Amino acid sequence: MKKINTFWNWFQDNNQTIKNLINETPKNQKHISFWINKNLSYYCKEIDFMIVFPKKGNTKSELIITANGNPEYFNQVIDLVDNAPQLKNWKFTAFIQPTERIDKIIDGFDDPYIFHEITLKASELKFLTLDYHEETHKFDIIVFLKNYHLYCDTKTLEQAIFIIMQDILGENSLFQNINFVQLAQMPDNNEELIHLYDLQLYIDEINSKLLKLTKI
17 MKKINTFWNW FQDNNQTIKN LINETPKNQK HISFWINKNL SYYCKEIDFM
67 IVFPKKGNTK SELIITANGN PEYFNQVIDL VDNAPQLKNW KFTAFIQPTE
117 RIDKIIDGFD DPYIFHEITL KASELKFLTL DYHEETHKFD IIVFLKNYHL
167 YCDTKTLEQA IFIIMQDILG ENSLFQNINF VQLAQMPDNN EELIHLYDLQ
217 LYIDEINSKL LKLTKI
């Protein structure tokens, strides 16, 4: 508890500087981010942060605490956010949440994700399940990409798909429900494949059916 209080005391003392981060020079942004990360690491080296700045001047900035998908540190994230102070200009959130842009993704108007030489749109990705683990209630899935043959199975591509899935499902749901992800080239005939933006709906439907079966 002492380490949690130490971090939040430091954050409160510096919250105005952090809130103004977006208006700083790149050099100052790097300096401020370094000290946020440094003070966070005194509490737990395995967790990280994201800051979402408001589009409107009168709304709150959001500090998101993330375990980078590692469930071993979920409790540390929860404990830290549960003990966050009440600050007028800040919102504190545990874990990366599902994107609010799902309607744009469904309509195909989503902005592309750009990772070095790789450009992907969430609306163009599809999936199928490979296996379901009854003990863990997790799925193995295969994600299909239009240009997989160009990118191949590189670490950057794997990280890109992970980030997109995390945006769609949220950090918590992704690691509660997905065990393994395989990547593959999108086949010409892909009408029977499921859009990746429907993955949470698919998971909920399967879990609901399994729950009903266990009650029979």
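Using the working numbering, you'd call the opening residue of the sequence shown number 17 and step up by one each time.
Virtual Cβ for every residue (Gly too), placed ideally from N, Cα, C.
Source: prediction; values computed, not measured.
Bridge partner(s) assigned by DSSP for I118: Residue 118 sits at position 102 when you count from the first residue of the sequence shown. Paired residue(s): none; I118 is not in a bridge.
Closest to M66 by CA distance: which of D204, N223 and E187 is it? Reading the sequence shown from its first residue, position 50 is the one you call residue 66. Looking at the Cα atoms, E187 is the closest of the given residues.
Check whether the Cβ atoms of L141 and L212 lie closer than 8 Å to each other. In the sequence shown, residue 141 corresponds to position 125, counting from 1. In the sequence shown, residue 212 corresponds to position 196, counting from 1. Cβ distance < 8 Å, so L141 and L212 count as in contact.
Which runs of the beta strand (DSSP E) at least 3 residues long sit entirely within the stretch 37–69? Give them in chain order. 64–68
Which residue or residues does DSSP assign as beta-bridge partners of L199? Taking the first residue of the sequence shown as position 1, residue 199 is located at position 183. Beta-bridge pairing links L199 to V159.
Where the beta strand (DSSP E) containing S77 begins and where it ends: The count along the sequence shown starts at 1 and reaches residue 77 at position 61. Looking at the DSSP string, the run of the beta strand (DSSP E) that includes S77 is S77 to T82.
Helix, strand or coil for L141? Go by DSSP, reduced to three states. Walking along the sequence shown from the start, residue 141 turns up at place 125. In the structure shown, L141 sits in coil (DSSP, three-state: anything other than H, G, I, E or B).
Spatial neighbours of I219 within its chain, please: CB distance less than 6 Å, with the 5 preceding and 5 following residues excluded, ordered by chain position. As a first step, residue 219 is located in the sequence shown; it is residue number 203 there, counting from the start. Closer than 6 Å at the Cβ level, and outside the excluded window around I219, lie N193.
Check A100 in the structure and name its three-state DSSP category. On the sequence shown, position 84 is the one that residue 100 refers to. Coil, per DSSP.
Since I believe I158 is in contact with F143 (beta carbons under 8 Å), could you give me their beta-carbon distance rounded to a whole number of angstroms? In the sequence shown, counting from the first residue as 1, residue 143 sits at position 127. In the sequence shown, counting from the first residue as 1, residue 158 sits at position 142. That belief holds up - the Cβ atoms of F143 and I158 are roughly 6 Å apart, short of 8 Å.
Of the residues F111, Y167, D204 and I179, the one placed nearest A300, counting alpha carbons only: The shown model of the chain, from 17 to 232, leaves out residue 300, and the question about it has no answer.
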